[in-house]
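Chemist: If you scroll down you'll find the structure; I have some questions about it.
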Amino acid sequence: MLSPVAHALASNPFKLYHCAMQSSLQIYAGPTALASIRANGIHPEQFKVMVGASGGPKWFVLFGLDRYLFGDFLPRRRDALYTLGSSAGAWRMCCLATADPVAAIERLAKLYSEEQYSDRPTTREITEKAELMLTGTLGPSGAAEIAANKTIHTTIIADRSRGLGSSRRKGLQTASLGAAALANIISRRSLSLFFERTLFSTLGAASPWSGEDDLRTASVQITEDNVVPAMMATGSIPYVLDGVRDIPGARPGLYWDGGITDYHLDMDYHAGEALVLYPHFSSAVIPGWFDKPLSWRRAQEANLDRVVMITPSPSFVAGLPNGKIPDRNDFENLSAEERVRCWRLVLAASERMADDFAALVEHGTGLEQILPIAQRSR
């Protein structure tokens, strides 16, 4: 079933970009995951964990797939699902934990893709717009639904500044970020000198990730009162939005984007004997925000053993407006009207990923084209 966005654009010439002979998907699987898929196909009960990476508007390319997963695929499960996300990935996972996840992800897509700012927006303006976006997405009861959900166990990653980074002075915050970036070149573990990874979880300290020791990590129980602040914090990109200070239930301090420590979530996913579902806009798994320019900083292969990564295929991306996945640069490089037009087209096109994944699930179409995860690019 097409979303309202797709219905509205069904007659758009963009559909000429579609190539029926080529799949919109490229799926990668770790060794254990690949063996399971080849033996059993793909079905909902295989998965215990689902993750969502940082990436801002890049997630628009996954919108149609999210709708299918949230509304059709995952509801067939009987057991609990554990989700982990940072930044926009965390927002998507929070939508999944509401009473009507499809409606929530549709609201998020509409509000985000149609966001408008002044010619020179301040961080305060962007922050206020983001707050309105999240409250509009969740509605009057969404926060309570996420906190009370016993089937979808949500974990949101945000990063609490340590030392000078917690100052109210912008100059000291900037100096701390610069020092963190430099120290990270030498060792990723050095991030713990500057940030404390904070896991806001409906399971509190019982979250599967509360024992992570690669970086300094703290756990906080998700409540109705801190869901929205935690969601704001995980998406608070330095220099773009204001950080969130003193989140209810968490240690006092200034909280930032969870992607700083966990950009693409290179972690032990704690799936046990089950698999990890990872819809991703890229085949790359970049550990942290500061690792983006570091070509040698790669994901640990052991963490990907049970991962099934669903990505848009290169041919599909080539057919998108401007031949690329949306990103935050579109705010600067495109007029507001052109940006909204392009982003709507991407949302509509993303339904192809849902269709192709549904065909794989129901009929095994494309099963033989799933690649070992070792063959993905960085």
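Final position of the sequence shown in my numbering is 683; the numbers increase by one with none missing. Each residue gets a CB set at the ideal place from its N, CA and C atoms; glycine is no exception.
So which of 388, 391, 422 and 368 has the shortest CA-CA distance to residue 412?
Modeler: Your numbering for residue 412 matches position 107 in the sequence shown. Nearest option by C-alpha distance: 368.
Chemist: Considering only residues of the same chain and omitting the five flanking positions on each side of residue 381, which have a CB-CB separation below 6 Å?
Modeler: In the sequence shown, residue 381 corresponds to position 76, counting from 1. For residue 381, where only same-chain residues beyond five positions count, the Cβ hits under 6 Å are 349.
Chemist: Look up residue 559 in the DSSP assignment and give the residues it is bridged to.
Modeler: Residue mapping note: residue 559 aligns to position 254 of the sequence shown, counting from 1. Partner(s): 550.
Chemist: Restricting to Cα atoms, I'd like to know which of 417, 395, 428 and 481 is closest to residue 540.
Modeler: The residue labelled residue 540 in the question sits at position 235 within the sequence shown. Residue 395 is the option with its Cα nearest to residue 540.
Chemist: Of all the options 498, 449 and 328, which has the alpha carbon lying nearest to the alpha carbon of residue 469?
Modeler: In the sequence shown, the residue the question calls residue 469 occupies position 164. Looking at the Cα atoms, 498 is the closest of the given residues.
Chemist: Assuming residue 596 and residue 568 are in contact, meaning their beta carbons sit under 8 Å apart, how far apart are those beta carbons, in whole angstroms?
Modeler: To locate residue 596, count along the sequence shown from 1; it is residue 291. To locate residue 568, count along the sequence shown from 1; it is residue 263. That belief holds up - the Cβ atoms of residue 596 and residue 568 are roughly 7 Å apart, short of 8 Å.
Chemist: Give me whichever residues DSSP pairs with residue 406 in a beta bridge.
Modeler: As a working mapping, residue 406 is identified with position 101 in the sequence shown. Looking at the DSSP assignment, residue 406 forms no beta bridge with any residue, so it has no partner.
Chemist: At the level of alpha carbons, what is the spacing between residue 408 and residue 414?
Modeler: Locating residue 408 in the sequence shown gives position 103, counting from the first residue. Locating residue 414 in the sequence shown gives position 109, counting from the first residue. Their backbone Cα atoms lie some 10 Å apart in a straight line.
Chemist: Let me know the secondary structure DSSP gives residue 583 once reduced to three states.
Modeler: Position 278 of the sequence shown, counting from 1, holds the residue named residue 583. DSSP places residue 583 in strand when its eight states are reduced to three.
Chemist: Starting from the Cα of residue 594, find the closest Cα among 334, 336, 361 and 346 and give me that residue.
Modeler: Locating residue 594 in the sequence shown gives position 289, counting from the first residue. Answer by Cα proximity: 361.
Chemist: Between residue 420 and residue 467, how many whole angstroms is the CB-CB distance? I'm expecting something under 8 Å.
Modeler: Position 115 of the sequence shown, counted from the start, is the residue given in the question as residue 420. Position 162 of the sequence shown, counted from the start, is the residue given in the question as residue 467. Incorrect: roughly 32 Å between the Cβ atoms, too far for contact.
Chemist: My assumption, with CB atoms under 8 Å, is that residue 338 sits in contact with residue 650. Please give the rounded CB distance.
Modeler: Indexing the sequence shown from 1 puts residue 338 at position 33. Indexing the sequence shown from 1 puts residue 650 at position 345. About 32 Å; that fails the 8 Å criterion.
Chemist: Measuring straight from C-alpha to C-alpha, what distance separates residue 516 and residue 327?
Modeler: Position 211 of the sequence shown holds residue 516. Position 22 of the sequence shown holds residue 327. If I take the Cα positions, the gap works out to 43 Å.
Chemist: Select from 340, 373 and 356 the residue whose C-alpha is nearest the C-alpha of residue 660.
Modeler: Within the sequence shown, numbered from 1, the residue matching residue 660 stands at position 355. Minimum Cα distance to residue 660 is reached at 373.
Chemist: Residues bridged to residue 355 by DSSP?
Modeler: Translated into the one-based positions of the sequence shown, residue 355 becomes position 50. Paired residues: 388 and 582.
Chemist: Where does residue 569 sit, in a helix, a strand or coil, going by DSSP?
Modeler: If you number the sequence shown from 1, residue 569 lands on position 264. Note: residue 569 maps to coil in three-state DSSP.
Chemist: Which partner residues of residue 464 appear in the DSSP bridge assignment?
Modeler: By 1-based counting over the sequence shown, the position of residue 464 is 159. In DSSP, residue 464 forms a bridge with 502 and 561.
Chemist: Using a Cβ-Cβ cut-off of 7 Å (strictly less than) and excluding sequence neighbours within five positions of residue 665, which residues of its own chain qualify?
Modeler: Here residue 665 refers to the residue found at position 360 of the sequence shown. Closer than 7 Å at the Cβ level, and outside the excluded window around residue 665, lie 347, 671 and 672.
Chemist: Out of 399, 678, 609 and 433, state which residue places its alpha-carbon closest to the alpha-carbon of residue 531.
Modeler: Your numbering for residue 531 matches position 226 in the sequence shown. Nearest of 399, 678, 609 and 433 to residue 531, Cα basis: 399.
Chemist: Within 10 angstroms of the Cβ of residue 668, are there 16 or more other Cβ atoms? Answer buried if so, exposed if not.
Modeler: Locating residue 668 in the sequence shown gives position 363, counting from the first residue. By the 10 Å Cβ count, residue 668 comes out exposed.
Chemist: Going straight from the alpha carbon of residue 316 to that of residue 646, what length do you get?
Modeler: Counting from one through the sequence shown, the residue named residue 316 turns up at place 11. Counting from one through the sequence shown, the residue named residue 646 turns up at place 341. Its pLDDT being 41, under 50, residue 316 is placed unreliably in this model, and the value from its coordinates should be taken loosely. Approximately 14 Å, taken between the alpha carbons.
Chemist: Under DSSP, the alpha helix (DSSP H) around residue 533 begins and ends at which residues?
Modeler: Here residue 533 is taken as the residue at index 228 of the sequence shown, counted from 1. From DSSP, the alpha helix (DSSP H) with residue 533 extends over 532-539.
Chemist: Just the C-alpha distance for residue 682 and residue 616, rounded to the nearest angstrom, thanks.
Modeler: As a first step, residue 682 is located in the sequence shown; it is residue number 377 there, counting from the start. As a first step, residue 616 is located in the sequence shown; it is residue number 311 there, counting from the start. Taking the straight line joining both Cα atoms gives about 12 Å.
Chemist: Taking the alpha-carbon of residue 635 as reference, which of 653, 417 and 553 has the nearest alpha-carbon?
Modeler: For this step, residue 635 is matched to residue 330 along the sequence shown. With distances taken between Cα atoms, residue 635 lies closest to 417.
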